[in-house]
Structure formats: C-alpha cells, structure tokens
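Visitor: Quick one: structure below, then a few questions.
Okay, structure coming up:
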C-alpha cells in the first residue's frame with residue numbers, strides 16, 4: 462500500500478513538472494518573437510556623422526536625437542496615412558502613402 466501511494470505521488474510530481482516546463486517554453490518563445498519585430502535604425506548626415514535613430518515597433522516608430530533623447534513618434538493608421546507627434550505628444554502632421562498597390 463505504501464508503494465502505491467509513492468508511485469501516485471511521483472506521477473503527480475512528474476505531471477506538475479511537465480506542465481511548468483510547457484508553460485515556461487511557451488512564455489519564453491512568445492517574448493522572443495515580440496522583441497524580434499522591433500528594428501533599430503541609425504541616421505547619419507551628409508558628412509557621415511550620427512544624427513539620430515529610430516525604433517520601429519510594427520505600426521508605430523519612436524525617434525531619438527543624436528544625444529539619445531526622445532524627439533517624437535509616428536503611427537501608421539489603418540487608412541494608409543501616417544500621423545506624426547512631437548516629444549510632448551502633440552500632433553504635428555500626417556502623410557499619405559504614395560506606394561502603388563501590387
């Protein structure tokens with residue numbers, strides 16, 4: 462009787478460990494995918510000096526000056542336009558896509 466209870470306890474322990482492993486694997490793979498879509502770009506002036514950078518997050522992008530301070534953002538809207546905002550979050554303008562559909 463003692464052996465049967467011990468086997469049941471080991472089965473429960475194995476099931477809990479397996480569940481934790483699966484949940485951990487799913488969590489780590491989704492966080493890796495989320496970071497992979499962020500793209501950083503550097504911008505340089507005519508003389509080749511660094512002038513700023515941007516981070517593309519998918520539908521929006523953040524822009525930073527040469528000192529690394531936030532300078533504004535752009536958001537791609539579902540209607541094909543892009544809205545621009547300054548560092549205070551105030552709307553500064555928009556543009557319409559001129560890319561021809563395929």
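Residue numbers (the numbering used here): 462 to 563. By construction, the Cβ of each residue, glycine as well, lies at the ideal position given by its N, Cα and C atoms. Computed from a prediction, not measured in an experiment: that's the story for all the values here.
(1) Please list, in chain order, all residues of the same chain as residue 546 whose beta carbon is under 7 angstroms from its beta carbon, the five residues on each side excluded.
(2) Is it buried or exposed for residue 524, if we count other Cβ within 10 angstroms and need 16 for buried?
(3) Measure the C-alpha to C-alpha separation of residue 509 and residue 542 and round it to an integer number of angstroms.
(4) Could you tell me the distance, in whole angstroms, from the CA atom of residue 500 to the CA atom of residue 485?
(5) Whose CA, out of 537, 526 and 512, lies closest to the CA of residue 518?
(6) At a cut-off of 7 angstroms, would you count residue 556 as near the ligand FAD, judging by its Cβ distance to the nearest heavy atom?
(7) Take residue 516 as the anchor and find which of 556, 507 and 531 has the nearest alpha-carbon.
(8) Going by DSSP in three states, residue 559 sits in which element: helix, strand or coil?
(9) Can you tell me the Cβ-Cβ gap for residue 446 and residue 521, rounded? I've got them flagged as a contact below 8 angstroms.
Guide: On the basis of the supplied data:
(1) If you ignore the 5 residues before and after residue 546, its C-beta comes within less than 7 angstroms of the C-beta of 533, 534, 552 and 553, all in its own chain and listed in chain order.
(2) Buried, because 16 or more other Cβ atoms sit within 10 Å of the Cβ of residue 524.
(3) Distance between the alpha carbons of residue 509 and residue 542: 31 angstroms.
(4) So the two alpha carbons sit approximately 26 angstroms from each other.
(5) That would be 537, whose Cα lies nearest to the Cα of residue 518.
(6) This structure simply doesn't include the ligand FAD, nor any ligand for that matter.
(7) In terms of Cα proximity to residue 516, the closest of 556, 507 and 531 is 531.
(8) Residue 559 falls in the coil class under three-state DSSP.
(9) The displayed coordinates of the chain run from 462 to 563. Any statement about residue 446 would go beyond what the structure contains.
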